[in-house]
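Down below is the structure, laid out as C-alpha cells.
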Amino acid sequence: MTAAPASATSNFASGFEDPPLSVEFYDYIAGQQFGGWTVTSGSVDLTTDWVDAEGQQSLDLNGSGDGAVARTLPTQLLTTYKVSFAVAGNPEGPPTVKSGTVKVNGQQVDAYTFSVAGKNNYNMGWTYRSFYFTNLLSASAVLEFAGTSASSWGAVIDDVKVESCLLILCPASAASVNRIS
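So my numbering is basically just the index in the sequence shown, starting at one, shifted up by 124.
Structure (C-alpha cells):
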C-alpha cells in the first residue's frame with residue numbers, strides 16, 4: 125500500500141448520508157442543520173428519490189423554492205484547495221434546465237446549469253465539476269451551494285470533496301485559482 129502524496133490530502137468529503145432518511149425526502153428550512161451543513165436560505169430537500177452519484181442520499185438545492193446550504197471548513201494559510209462535486213437535476217418537475225451557484229466566503233466561484241431532458245430517477249446523468257480556491261489569510265472557509273432554478277425541482281448535488289494541495293504542486297488545471305481572503 126502506498127501512502128497518499130503530501131501534496132493532495134483529503135480534507136473533507138460529504139455524500140449527504142447524515143442523517144440517514146427513513147422517508148423519500150426531508151425538507152430542511154433556513155436555520156436548520158443536518159450532517160454538518162446549515163441551510164442559509166430558502167429550503168433544500170435531503171432525498172433518497174433517485175439513483176445517487178455516491179451512497180443512498182443526495183441534496184436537491186430547491187426544496188419549496190431556491191435554497192442554499194453552507195458549512196465551515198478548516199483551512200491552512202496560503203493553501204490551495206480543489207473542490208469537486210457531482211451535479212444532476214431533479215427530473216420530477218420543471219424547469220428542464222436546473223441551475224446553481226457555489227460560493228467560498230461569499231465570493232461566487234462557480235455557476236452551472238444541468239438539463240434533465242431525457243433523464244429520470246434511474247438515469248440521473250450525474251456529471252462532476254471542480255474548481256480551485258486559495259486561502260490567503262484565514263483559518264477557515266465557508267463553502268456554500270445554492271439552487272437558482274426558481275422552482276421546487278432544482279439542481280441536485282452529491283459526493284462533495286475538498287482536497288488541499290501546495291500551490292506549486294497543484295494540477296496544471298489549477299492555473300485559474302480563485303484567491304479568497
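For glycine and all other residues, C-beta sits at the position ideal for the given N, C-alpha and C.
Asked: Rounded straight-line distance, which links the Cα of V175 to that of N247; Found: 7 angstroms
Asked: Contacting residues, own chain, Cβ-Cβ under 7 angstroms from N244 (five flanking each side not counted); Found: P215
Asked: Host beta strand (DSSP E) of Y152 (start-end); Found: 149 to 153
Asked: Chain-order list of residues whose beta-carbon lies under 7 angstroms from that of D151 (same chain, five-residue window excluded); Found: S167, D169, G187, S188
Asked: In chain order, each beta strand (DSSP E) run of at least 3 residues that lies wholly inside the segment 181 to 235; Found: 182 to 184, 192 to 198, 203 to 213, 221 to 228
Asked: Local Cβ density within 10 Å of E148, reported as buried at 16 or more and exposed below that; Found: exposed
Asked: Inter-residue spacing [alpha-carbon to alpha-carbon] between G155 and V163; Found: 5 angstroms
Asked: Closer than 7 angstroms: T172 CB and nearest the ligand FMN heavy atom; Found: With respect to small molecules bound, the structure shown includes none, and the ligand FMN cannot be examined in it.
Asked: In DSSP terms, what G166 is bridged to; Found: Paired residue(s): none; G166 is not in a bridge.
Asked: Residue environment, I153, which counts as buried when at least 16 other CB atoms sit within 10 Å; Found: exposed
Asked: Between the CA atoms of V233 and S262 - distance to the nearest angstrom; Found: 17 angstroms
Asked: Segment limits, beta strand (DSSP E) that includes W137; Found: According to the sequence as given, residue 137 is Ala; it is not Trp. A137 -> beta strand (DSSP E) spans 133 to 138.
Asked: Closest residue to P375 among S182, A274, S288 (Cα-Cα distance); Found: No answer is possible for residue 375: it lies beyond the span of the chain, which begins at 125 and ends at 305.
Asked: C-alpha gap between G179 and E141, whole angstroms; Found: 7 angstroms
Asked: Residue range of the beta strand (DSSP E) that includes Y246; Found: No beta strand (DSSP E) holds Y246; DSSP gives it neither H nor E.
Asked: Nearest to A212 (by Cα), restricted to the options A241, L145, A137, G159; Found: A241
Asked: F269 versus E287, V221, G249, R253, residue with shortest Cα-Cα distance; Found: R253
Asked: Helix, strand or coil at V94 [DSSP, three-state]; Found: Outside the modelled stretch of the chain, which goes from 125 to 305, sits residue 94, for which no answer is possible.
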